[in-house]
Amino acid sequence: MPGLHDRSVPWRRFLHPYYTVNTLVVLVYPVLRVLLFMSKGRGLTSPASVRNASAQLWGYEMQTLLVLVLSLVVRLYRATTMDAFIADAFLFCKAGVSWLIWLMDKRLMVWYLLTNFAIFLVWTQPMYFGADDIEFFTPVTFFNYVEEQKNKGAGGVAWLVEVYATWAQPCVTFEPLFCELSLQYTTAGFKFGKVDVGRFPKMATKLNVSLVGYKRQLPTLILFQDGREIARLPHVYEDGTTARQRLTRSFLEKAFELQKWKDRTSRTHGPKATSTAAAAAKEPKKTR
């Protein structure tokens, strides 16, 4: 039976405890609401005051629901992947639930926030594990298959390399899109690669990528031709600030001219490619 990380069934990642537990934490609100008002009804509070409080809370719930729906519609439009949208949806929904619980019982809200903090520490959003055509570089293989292209002259393999870290949320949510692009645009002369700067932090310094969270440079995509960098996203200004750019499919396809690279390298590295070009296109062994 396929497991949660079966590449042939990528949707199975949504069965990971991160998704199931966070869904339950959001859906627990109606249960808490009913139990709380039942307890108040059995206490000293008069039934009339309980009904009035419930009606007032209903009004707040409708307002919260409206704001939540509008916010999620905007996030759905702006999200680069479904993973990114679901992560935002969990955050917005839990914020709305926290607000409503605060209106009911402030002490209960504290316990709700502590529960969410514990979940945050125990379960992080899992990386996408579907099909891809990506090479995972170590410092040695990066030198052998990317930088060494400088010594092979023109006509070598071009690489679109993602600099990422598994602990960075934007990298986790960006993963499905990068995998899809690799399957669509990889040729013998144009390949996709990844460097995990969480495992190899010196590579971040070498590639001029900051690991400081507020600079938002993860993930960074760098295009190499003949072993030299010719383009990167997001753009970093001279003062060190990072341009706020949404790495959507259409934006990346246009910015890196992926279709042109595919057409160009398909012609120059086709079945009749020279032995030199074929050797340059030799795939490095994947290492995770």
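In the numbering used here, each residue carries its 1-based index in the sequence shown increased by 33. C-beta atoms are modelled at their ideal positions from N, C-alpha and C, and glycine is treated no differently. All figures in this text were calculated on a predicted structure; none of them were measured in a lab.
Next on the checklist: On the criterion of 16 or more Cβ atoms from any shown chain inside 10 Å, does Thr114 qualify as buried, or is it exposed?
Outcome noted: buried
Checklist entry - If you count every other CB in all the chains shown that lies within 10 Å of the CB of Asn149, and 16 or more means buried, which is it? => result buried
Checklist entry - Sorted by chain position, which residues of the same chain lie with C-beta nearer than 6 Å to Glu195's C-beta, five sequence neighbours on each side aside? => result Phe211, Lys227, Pro252, Leu254
Checklist entry - Which residue's Cα is closest to the Cα of Asn55: Ser87, Thr97, Val100, Leu146? => result Leu146
Checklist entry - By how many angstroms is the C-alpha of Arg279 removed from the C-alpha of Lys287? => result 13 Å
Item to check | Own chain, CB closer than 8 Å to Leu77, minus 5 neighbours either side, in chain order | outcome: Confidence in Leu77 is poor, its pLDDT being 48 and thus under 50, which makes the residue's placement unreliable; the coordinate value appears in the next sentence. Nothing listed; no residue qualifies.
Checklist entry - If you draw a straight line from the alpha carbon of Lys183 to that of Phe257, how long is it in whole angstroms? => result 10 Å
Item to check | Own chain, CB closer than 8 Å to Leu90, minus 5 neighbours either side, in chain order | outcome: Arg66, Leu133, Leu136, Met137
Item to check | Residues near Leu105 in its chain [Cβ-Cβ closer than 7 Å; skip 5 each side] | outcome: Ala122, Phe125
Next on the checklist: Give me, in chain order, the residues of the same chain whose beta-carbon lies closer than 7 Å to that of Ala5; leave out the 5 immediate sequence neighbours on both sides.
Outcome noted: Limits of the chain in this structure are 34 at one end and 321 at the other, which puts residue 5 out of reach.
Next on the checklist: Counting C-beta neighbours from all protein chains within 10 Å, is the total for Leu57 16 or more, i.e. buried, or is it exposed?
Outcome noted: exposed
Item to check | Inter-stretch contact (C-beta, 8 Å, three-pair minimum) for the stretch 208-224 and the stretch 152-167 | outcome: yes
Item to check | Candidates Lys239, Ser243, Ile263, Gln202, of which the one nearest Phe153 by Cα | outcome: Gln202
Item to check | Trp294, buried or exposed, once every other Cβ within 10 Å from all chains shown has been counted against 16 | outcome: buried
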